[in-house]
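Engineer: I have a structure I would like to understand better, so I am pasting it below and will then ask my questions one at a time.
Residue numbers (our numbering), protein chains in the order written: chain A, 220 to 334; chain B, 373 to 484.
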């Protein structure tokens with residue numbers, strides 16, 4: 220059983236550019252959540268995908284968008300990058316949404332730096 | 373926005389001592405979880421306590437929950453250098469882990 224993987228590990232972009240981050244969920248998991256963690260802060264929920272549909276969104280502007288593929292891997296896209304988008308982006312996978320707690324398993328994150 | 377705050381923001385102890393960190397949150401929850409993060413990397417789930425539970429143990433970890441005060445504490449007993457990390461509490465309103473709201477974290481340093 221493979222864990223959650225993310226790519227790339229590090230990324231440097233300039234303001235105004237666009238970026239795509241990728242996440243492969245743990246085997247058998249059909250739900251992926253994305254979080255943004257600024258330096259010295261706790262992670263903040265961006266959005267979640269369940270069976271290729273967005274299922275909940277945090278307080279992030281529309282330039283943050285996502286996608287989930289039939290194999291349940293996911294992408295996070297950020298357009299028109301701003302300096303404040305510099306952060307660690309974490310994805311987490313879990314199994315299903317129906318009733319009761321489903322533990323989320325986190326990937327190692329992608330460190331994005333916007334210059 | 374963050375759900376709440378951990379207290380203290382930073383804690384430095386010696387190996388063998390106990391470490392206690394607290395978490396406060398703002399609204400009603402279904403469960404509260406504690407996570408550990410090493411060096412700004414991925415989060416590792418430590419323990420979950422449901423809103424109808426008051427205390428839970430897992431190995432050297434003890435978690436308490438006081439819903440009347442909207443607070444929780446994490447106790448790590450007999451700490452080790454390998455426990456050095458940031459610890460976050462996260463609340464779940466839905467009970468399905470669909471959206472975790474994290475606190476600001478406590479940075480724990482355990483020295484030899």
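Ideal Cβ placement from N, Cα and C applies to all residues, glycine included.
1. Would you say residue 462 of chain B and residue 407 of chain B are within 8 angstroms of each other, going by their C-beta atoms?
2. Strictly below 9 angstroms CB to CB, what residues from chain A border residue 412 of chain B?
3. Cutting at 8 angstroms between CB atoms, please list the residues of its own chain near residue 324 of chain A, excluding the five before and the five after it.
4. Determine the direct distance from the alpha carbon of residue 475 of chain B to that of residue 373 of chain B, and round the result to whole angstroms.
5. Following the continuous beta strand (DSSP E) through residue 392 of chain B, name the residue where it begins and the one where it ends.
6. Using CA coordinates, which residue listed in A:300, A:327, A:322 is at the minimum distance from residue 231 of chain A?
7. Find out if the Cβ-Cβ distance for the pair residue 225 of chain A, residue 240 of chain A is shorter than 8 angstroms.
8. For residue 429 of chain B, go through chain A and note every residue whose CB falls closer than 7 angstroms to its CB, in chain order.
9. Following a CB-centred definition, is residue 388 of chain B positioned closer than 7 angstroms to any heavy atom of the ligand NAP?
Structural biologist: On the basis of the data shown:
1. Counting from 1 along the second chain, the entry for residue 462 of chain B is found at position 90. Counting from 1 along the second chain, the entry for residue 407 of chain B is found at position 35. In this structure, residue 407 of chain B lies closer than 8 angstroms to residue 462 of chain B by Cβ.
2. Counting from 1 along the second chain, the entry for residue 412 of chain B is found at position 40. Result: 256, 258, 307, 328, 330.
3. In the first chain, the residue the question calls residue 324 of chain A occupies position 105. Within the same chain, Cβ atoms closer than 8 angstroms to the Cβ of residue 324 of chain A are found at 222, 223, 245, 248, 311, 312, 313, the five residues on either side in sequence being excluded.
4. Start at 1 with the first residue of the second chain, and residue 373 of chain B comes out as number 1. Start at 1 with the first residue of the second chain, and residue 475 of chain B comes out as number 103. Its pLDDT being 47, under 50, residue 373 of chain B is placed unreliably by the model, and the measurement read from it follows with that caveat. Each residue's Cα considered, the two are about 9 angstroms apart.
5. By 1-based counting over the second chain, the position of residue 392 of chain B is 20. According to the DSSP assignment, residue 392 of chain B belongs to the beta strand (DSSP E) that extends over 391-396.
6. Mapped onto the first chain, residue 231 of chain A falls at position 12. Proximity to residue 231 of chain A across A:300, A:327, A:322 peaks at A:300, based on C-alpha coordinates.
7. The residue you call residue 225 of chain A lines up with position 6 of the first chain. The residue you call residue 240 of chain A lines up with position 21 of the first chain. Cβ atoms of residue 225 of chain A and residue 240 of chain A: closer than 8 angstroms.
8. Here the question's residue 429 of chain B lines up with position 57 in the second chain. Scanning chain A for C-beta atoms nearer than 7 angstroms to the C-beta of residue 429 of chain B yields nothing, as the closest lies near 18 angstroms away.
9. In terms of ligand content, the structure shown is empty, and the ligand NAP therefore cannot be addressed.
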